[in-house]
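Written below as structure tokens is the structure these notes are about.
This is how it looks when you write it as structure tokens:
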């Protein structure tokens, strides 16, 4: 059953008073009589107008000269029918079955007639036009009726109604049995989405192997491995360091940037000999405030021995080997750029000399 709110496109000569070919003034009066409103009028596109009413909406396109005749009506209304049967939202094979004999001669244009209005009046591009692309964004035209079925995901998304002179003349081909079978698939939407995305993002050939880059990668792994091993050994040394107590004998106050005081500390090493070391302010958790203050130092009995303040000893491995890791990383980046340039030059064939320049 249909009512006055929804057109039966099999017999309708207008829809709520609207039909292709009427003047803009008549169309505006019909919209007002239907109790609809113009929800948006684009000043940059004077030929376009959107009218919305209770449970219905249409997008209209007018000619820009003279009485501005209505060239196209886009129906986005699930209540639209054909011979009493709903049409929008149906898969293409079902929609064509509903249309019956009226669908004879139906053919494709690659444009979305809503978004690319009247671009289909020009000859179509060279293609290729895959089934996935057509069923995802193209329009099936029934020229004898002036109707276009805009497709989305294999379903009828919108219905286009045009005056005869604005119906495309050059179609790229009929609806095929293979296309009908695609829209009958239970996984139609996923199938078309996967196929269409695959077409728009073609598989890129795998990059050619670059032996220089492989050598650099191996060298990077080895270098970072050696640095990491040495850093671990350094950390173990300072974890096992002997903690000794010494006294501050001299305080050298900073007189210039970076404003770090230095402290001369005397201590007795494990062999009983008196040793001296100069430590920076940051090597103490709390810098000593006066000469004679007792402080603790970390002592590694090597040849020669190494001495640090406790604050520095815990980060000794990091501060010693991180600059090495950064240097290796920078060298790797420079080497990778050089390897890429060399590989590109080796892969580019030399241009032949013009015959007149051959020696």
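Numbering (the working numbering), first residue to last: 199 to 557. Don't be surprised by glycine CBs; every beta carbon is placed ideally from N, CA and C.
Check	Outcome
Nearest-angstrom Cα distance between residue 279 and residue 268?	22 Å
Identify which residue in 264, 212, 242 and 232 has its Cα closest to the Cα of residue 222.	264
Can you name, in chain order, every residue of its own chain whose Cβ lies under 6 Å from the Cβ of residue 201, other than the five neighbours on each side?	Residue placement at residue 201 cannot be trusted, given a pLDDT of 47 that sits under 50; what the coordinates show is reported in the next sentence. None.
For a test of the three-state rule: what should DSSP assign to residue 532, helix, strand or coil?	helix
Given residue 237, which residues of its chain have a CB within under 6 Å of its CB, disregarding the five upstream and five downstream residues?	248 and 250
Look at residue 339 and residue 271 and say whether their C-beta atoms are less than 7 Å apart.	no
Can you tell me the Cα-Cα spacing of residue 437 and residue 509, whole angstroms?	12 Å
Work out the CA separation of residue 334 and residue 426 for me, nearest whole Å.	55 Å
Please name the residue in 478, 213 and 297 whose C-alpha comes closest to that of residue 448.	478
Restricting to Cα atoms, I'd like to know which of 349, 215, 362 and 515 is closest to residue 428.	515
Among the residues of its own chain, which have a CB less than 6 Å from the CB of residue 275, if the five just before and after it don't count?	254
Taking C-beta to C-beta, are residue 351 and residue 390 nearer than 7 Å?	yes
On the DSSP letters alone, give me the boundaries of the beta strand (DSSP E) that residue 472 sits inside.	472-478
Using C-beta distances below 8 Å, list every residue in its chain close to residue 310, excluding the 5 sequence neighbours before and after it, in chain order.	335, 336, 337 and 348
My assumption, with CB atoms under 8 Å, is that residue 506 sits in contact with residue 496. Please give the rounded CB distance.	5 Å
State yes or no: is the C-beta of residue 443 within less than 7 Å of the C-beta of residue 462?	no
Do the region 224-236 and the region 295-311 make contact, defined as three or more Cβ pairs closer than 8 Å?	no
Going straight from the alpha carbon of residue 555 to that of residue 539, what length do you get?	At residue 555 the pLDDT is 37, less than 50, meaning the model places this residue with poor confidence; the figure from the coordinates comes in the next sentence. Taking the straight line from one Cα to the other gives about 28 Å.
Report the residue ranges of all alpha helix (DSSP H) runs contained in full by the region 204-236; include only those spanning at least 4 residues, in chain order.	222-231
Pull up the distance between the alpha-carbon of residue 328 and that of residue 367, whole angstroms please.	21 Å
Could you have a look at residue 413 and say whether DSSP puts it in helix, strand or coil?	helix
Looking only at its own chain, which residues have a Cβ that is under 7 Å from the Cβ of residue 259, when we skip the five neighbours before and after it?	245, 246, 269, 270 and 315
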